[in-house]
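The working numbering puts the first residue of the sequence shown at 29, with every later residue one more than the last.
A short write-up of the structure that comes next.
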Amino acid sequence: MHSPTTPEPVDTTRAGDARHTIATSSAAPGAIAVVSIHAQDMDATLEALGLPALRVGEVRLADLLGVDRGLAARWSQDRVDITPHGGRHLVRRLSDELERVGLRRADAFDPVAMYPEASSVVEARMLDALARAASPRAIDLLLDQPRRWSGVDEDAPDDQLADGAALGRLIHPPLLVAVGAPNVGKSTLVNALAGRSVSIVADEPGVTRDSVGVVLELDGLAVHYLDTPGIADAGDNLGRDAQRAARGALAIADLVLVCNDATAPAPDPSSLPLRVGTPVLRIATRADLGEAQGGHDARVCAVRGEGLAELAAAVRAALVPDAALGDPRPWRFWAPPNPRP
Ligand SMILES: Nc1nc2c(ncn2[C@@H]2O[C@H](COP(=O)(O)OP(=O)(O)OP(=O)(O)O)[C@@H](O)[C@H]2O)c(=O)[nH]1
Ligand SMILES: [Mg+2]
29 MHSPTTPEPV
39 DTTRAGDARH
49 TIATSSAAPG
59 AIAVVSIHAQ
69 DMDATLEALG
79 LPALRVGEVR
89 LADLLGVDRG
99 LAARWSQDRV
109 DITPHGGRHL
119 VRRLSDELER
129 VGLRRADAFD
139 PVAMYPEASS
149 VVEARMLDAL
159 ARAASPRAID
169 LLLDQPRRWS
179 GVDEDAPDDQ
189 LADGAALGRL
199 IHPPLLVAVG
209 APNVGKSTLV
219 NALAGRSVSI
229 VADEPGVTRD
239 SVGVVLELDG
249 LAVHYLDTPG
259 IADAGDNLGR
269 DAQRAARGAL
279 AIADLVLVCN
289 DATAPAPDPS
299 SLPLRVGTPV
309 LRIATRADLG
319 EAQGGHDARV
329 CAVRGEGLAE
339 LAAAVRAALV
349 PDAALGDPRP
359 WRFWAPPNPR
369 P
């Protein structure tokens, strides 16, 4: 246990409507929980919480209000996720501490009071989910839910419903982490997928020094995408904090892209610190530089924009399979997202 800090209550006139939500399920806690902080004036809020100043896209290891240590990732101007260990008591302590310093917990919500125009509870929940859903692919599915639930018991067992763990990713963006040796084109790839320069690129190894996070839409699915510093085989001179942060992100990733040059044999992900069952796609980069060795799951040439649509489709299918999207049964879309075991 490290020394607790006691941040002063946040000045809400500066921090605006600062609040927090617990993004992982408390019914089935995993090893890591995700707590989201929402604030108009995020810089002031981070300072008041004793968290490091984060630019949009920045990820750091941080002391979490003296309660724990974990990652802090700024996904947008007004949202930062922090990832304490997932024990129920610890998450409760962190949530209480956030309340104490003025960030009310905002996920207790009565959909019927919020949407009095709705003609049923499911429809009220649907309107709320539509307002929060991150992915375009969620829209038609959500609009169809009141029809699908009519005559179905709300407490129907999971095996009679569509795959909520997969479909829930349409509402709460999953975490995708891209790793690989230095200088294979990882940052060029994220820039090509984003259609803009989010990560620095240069023709020398070790260019990316800290993980860079960005929200991307891939084949209609919004994801949190993390471009990490290259992992060298030997003599890795990366900062220890940058390495720890990248490893921390790998341990909670929903999908990992392991990248290497198309001319090399497909990489072996078995030595990566992933939790059991994490899906991996092996990506062949810089496919224009020579004959492919084969064995990869997807090939891209980011500088020419080749293979990007196929990669996006493969990512979407790995996270939200066609079978889940095409399942005609109801989806318990109001359930909290799956814990990260
Ligand atoms: N020919 C070719 N060059 C590429 C391609 N993608 C990236 N490159 C070049 O490869 C070099 C390294 O690219 P980066 O994107 O910085 O590689 P990285 O994997 O992020 O490197 P680190 O951050 O050091 O780990 C740069 O000179 C890029 O222009 C590609 O598809 N084809
Ligand atoms: Mg890079």
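Just so you know, even glycine gets a beta-carbon here, dropped at the ideal spot from N, CA and C.
Under 7 angstroms between the Cβ atoms of residue i and residue j?
{"i": "Pro112", "j": "Gly94", "result": "no"}
{"i": "Tyr253", "j": "Val235", "result": "no"}
{"i": "Ala294", "j": "Arg310", "result": "yes"}
{"i": "Val62", "j": "Ala51", "result": "yes"}
{"i": "Leu92", "j": "Ile65", "result": "no"}
{"i": "Gly192", "j": "Trp359", "result": "yes"}
{"i": "Gly208", "j": "Cys287", "result": "yes"}
{"i": "Ala273", "j": "Leu89", "result": "yes"}
{"i": "Thr216", "j": "Ala134", "result": "no"}
{"i": "Leu155", "j": "Ala146", "result": "yes"}
{"i": "Ala101", "j": "Leu79", "result": "no"}
{"i": "Ala279", "j": "Asp238", "result": "no"}
{"i": "Leu170", "j": "Ala157", "result": "yes"}
Need the endpoints of the alpha helix (DSSP H) that residue i sits in, please.
{"i": "Leu126", "result": "Arg116 to Arg128"}
{"i": "Gly192", "result": "Gly192 to Leu195"}
{"i": "Leu336", "result": "Leu336 to Leu347"}
{"i": "Val240", "result": "From DSSP, Val240 is part of no alpha helix (DSSP H) but of the beta strand (DSSP E) over Val240 to Leu246."}
{"i": "Gln173", "result": "Gln173 to Trp177"}
{"i": "Asp296", "result": "It is not in any alpha helix (DSSP H) - Asp296 carries neither H nor E in the DSSP assignment."}
Can you look up residue i in the DSSP assignment and give me helix, strand or coil?
{"i": "Glu319", "result": "coil"}
{"i": "Ile259", "result": "coil"}
{"i": "Thr73", "result": "helix"}
{"i": "Ile311", "result": "strand"}
{"i": "Phe361", "result": "coil"}
{"i": "Ile60", "result": "strand"}
{"i": "Asp168", "result": "helix"}
{"i": "Asp431", "result": "A question about residue 431 goes unanswered here, because the residues of the chain that appear run from 29 up to 369."}
{"i": "Val218", "result": "helix"}
{"i": "His30", "result": "Note on His30: pLDDT 44, under 50, position unreliable in the model; the coordinate value appears next. His30: coil per DSSP, three-state reduction."}
{"i": "Arg224", "result": "coil"}
{"i": "Val286", "result": "strand"}
{"i": "Leu204", "result": "strand"}
{"i": "Arg19", "result": "What is shown of the chain runs 29 to 369, which leaves residue 19 out entirely."}
{"i": "Gln68", "result": "coil"}
{"i": "Arg107", "result": "strand"}
{"i": "Leu93", "result": "coil"}
{"i": "Ala277", "result": "helix"}
{"i": "Arg88", "result": "strand"}
{"i": "Ala146", "result": "coil"}
{"i": "Arg132", "result": "strand"}
{"i": "Val251", "result": "strand"}
{"i": "Ala326", "result": "strand"}
{"i": "Asp355", "result": "coil"}
Could you give the C-beta distance for residue i and residue j, rounded to a whole number, given that I count them as a contact under 8 angstroms?
{"i": "Ile167", "j": "Ala159", "result": "About 11 angstroms separates the two Cβ atoms, so there is no contact after all."}
{"i": "Leu347", "j": "Leu249", "result": "6 angstroms"}
{"i": "Ala290", "j": "Ala315", "result": "4 angstroms"}
{"i": "Pro210", "j": "Gly179", "result": "That belief does not hold up - the Cβ atoms of Pro210 and Gly179 are roughly 57 angstroms apart, past 8 angstroms."}
{"i": "Thr313", "j": "Val212", "result": "5 angstroms"}
{"i": "Val149", "j": "Pro139", "result": "7 angstroms"}
{"i": "Ala67", "j": "Asp106", "result": "6 angstroms"}
{"i": "Ala230", "j": "Thr256", "result": "With a Cβ gap of about 16 angstroms, Ala230 and Thr256 do not count as contacting."}
Can you tell which of the options has the C-alpha that lies nearest to the C-alpha of residue i?
{"i": "Leu204", "options": "Asn219, Arg344 and Gly114", "result": "Arg344"}
{"i": "Asp247", "options": "Ser227, Arg83, Arg116 and Asp350", "result": "Asp350"}
{"i": "Ala281", "options": "Pro301, Ala337 and Ser104", "result": "Pro301"}
{"i": "Ile228", "options": "Gly85, Gly58, Gly78 and Arg47", "result": "Gly85"}
{"i": "Arg175", "options": "Gly196, Pro164, Gln188 and Glu151", "result": "Glu151"}
{"i": "Ala330", "options": "Ala342, Leu317 and His324", "result": "Leu317"}
{"i": "Leu131", "options": "Arg88, Asp124, Arg47 and Leu79", "result": "Arg47"}
{"i": "Ala380", "options": "Leu74, Pro307 and Ala59", "result": "The structure shown does not extend to residue 380, since the chain is modelled only from 29 to 369, so the question has no answer here."}
{"i": "Gly354", "options": "Leu189, Asp255 and Asp69", "result": "Leu189"}
{"i": "Pro202", "options": "Tyr143, Trp103, Ala270 and Asp172", "result": "Trp103"}
{"i": "Ala342", "options": "Tyr143, Asp96, Gly196 and Val284", "result": "Val284"}
{"i": "Glu232", "options": "Lys214, Arg224, Asp296 and Pro144", "result": "Lys214"}
{"i": "Leu118", "options": "Ala270, Asp172, Gly58 and Asp45", "result": "Gly58"}
{"i": "Val251", "options": "Leu198, Arg121, Arg224 and Asn219", "result": "Leu198"}
{"i": "Asp96", "options": "Asp69, Leu126, Met70 and Glu245", "result": "Leu126"}
{"i": "Ala340", "options": "Leu169, Met70, Asp172 and Val218", "result": "Val218"}
{"i": "Gly196", "options": "Arg357, Ala352 and Pro356", "result": "Ala352"}
Considering residue i, what are the terminal residues of the beta strand (DSSP E) in which it resides?
{"i": "Glu151", "result": "First-last for Glu151: Val149 to Arg160, but that is the alpha helix (DSSP H), not the beta strand (DSSP E)."}
{"i": "Thr49", "result": "Arg47 to Ile50"}
{"i": "Arg102", "result": "Asp96 to Ser104"}
For ligand 3, I want to know if residue i counts as a neighbour, meaning its beta carbon is within less than 6 angstroms of at least one of the ligand's heavy atoms.
{"i": "Val149", "result": "This structure lacks ligand 3; the ligands present are ligand 1 and ligand 2."}
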